[in-house]
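The structure under discussion appears below in the form of structure tokens.
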Amino acid sequence: MKKLYILLTIYFTLTAFAKAQKYDFSAGVRFGQTDGITVKKMMKRYHAIEGILHTKYEWQGALVTVLKELHKTAFRLDNLYWFYGLGGHVGVFHGNAESWRNKVKTEGFFLNLGVDAILGLEWDIEEIPFTLGVDIKPTFDLLNSREFYWDGSLSARYLF
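See below:
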């Protein structure tokens with residue numbers, strides 16, 4: 427009986443502050459190292475899929491990133507969430523690759539494929555249907571440059 431009591435105490439302590447996001451779908455803008463459009467679909471209690479269409483002038487192209495994320499309550503506040511996840515990206519660029527990656531020195535169209543991670547904090551503003559977020563997204567390109575870089579951003583999304 428004592429073991430059951432301890433297990434139940436641990437369970438309720440760990441889950442007492444866990445709450446799911448209060449929205450189903452959101453879409454908005456992302457500003458940072460790469461600007462773009464972001465959409466997020468909450469799937470299950472703590473799971474989400476985020477899609478990002480981003481670009482940068484120097485790239486002369488676009489990149490699509492898809493991430494599977496987990497959300498957890500932050501600082502015991504009902505409307506503040508940590509999120510983290512993994513995913514990948516694919517993109518197409520035109521021009522001199524040297525302008526966006528110093529290691530590739532040919533001209534033409536370039537395919538970019540890679541893996542991404544994300545760690546961020548999202549505030550679900552209860553008074554209005556918006557979220558504000560900040561994140562860091564490390565990225566590794568698998569084609570052409572095989573380069574690792576950091577992508578940090580601020581985002582604002584409208585809730586549907």
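The opening position of the sequence shown corresponds to residue 427 in my numbering, with each subsequent residue numbered one higher.
All C-beta atoms in this analysis are idealised placements derived from N, C-alpha and C, irrespective of residue type, glycine included.
Taking the Cβ atom as the reference point for each residue, do Ala488 and Val465 lie within a distance shorter than 8 Å?
-> Against a cut-off of 8 Å, the Cβ pair of Val465 and Ala488 comes out as no contact.
Spatial distance of Ala500 from Asp461 (CA atoms) = A straight line joining the alpha-carbon of Ala500 with that of Asp461 spans about 26 Å.
Exposed or buried, Leu440, counting other C-beta atoms within 10 Å across all chains shown (16 or more means buried)?
-> Note that Leu440 scores 46 on pLDDT, short of 50, meaning its location in the model is unreliable and no value can be drawn from it.
As assigned by DSSP and simplified to three states, the class of Tyr449 | DSSP places Tyr449 in coil when its eight states are reduced to three.
Buried or exposed: which applies to Lys470, given that a residue is buried once 16 or more other Cβ atoms fall within 10 Å of its Cβ?
-> Note on Lys470: under 16 other CB atoms within 10 angstroms of its CB, so exposed under the neighbour-count rule.
Host beta strand (DSSP E) of Phe501 (start-end) = Per DSSP, Phe501 lies in no beta strand (DSSP E) and is assigned neither H nor E.
Quick one: using the 10 Å Cβ neighbour count with 16 as the cut-off for buried, is Glu553 buried or exposed?
-> That one is exposed.
Apart from the five residues just before and just after Tyr575, which ones in its own chain have a Cβ nearer than 6 Å to its Cβ?
-> Cβ neighbours of Tyr575 within its own chain (closer than 6 Å, five residues either side excluded): Thr565.
Starting from the Cα of Ala543, find the closest Cα among Leu558, Ile551, Phe509 and give me that residue.
-> The option with the nearest alpha carbon to Ala543 is Phe509.
In angstroms with no decimal places, state the Cα-to-Cα distance between Asp450 and Met468.
-> The straight-line gap from Cα to Cα measures roughly 5 Å.
So His473 packs on Leu493, CB below 8 Å; how close in whole Å?
-> The C-beta distance from His473 to Leu493 rounds to 11 Å, too long to meet the 8 Å contact threshold.
Just the Cα atoms here: how many angstroms apart are Gly514 and Asp504?
-> Cα to Cα, the separation comes out at about 30 Å.
Report yes if the CB atom of Gly454 is closer than 8 Å to the CB atom of Asp577, and no otherwise.
-> In this structure, the beta-carbon distance from Gly454 to Asp577 does not fall below 8 Å.
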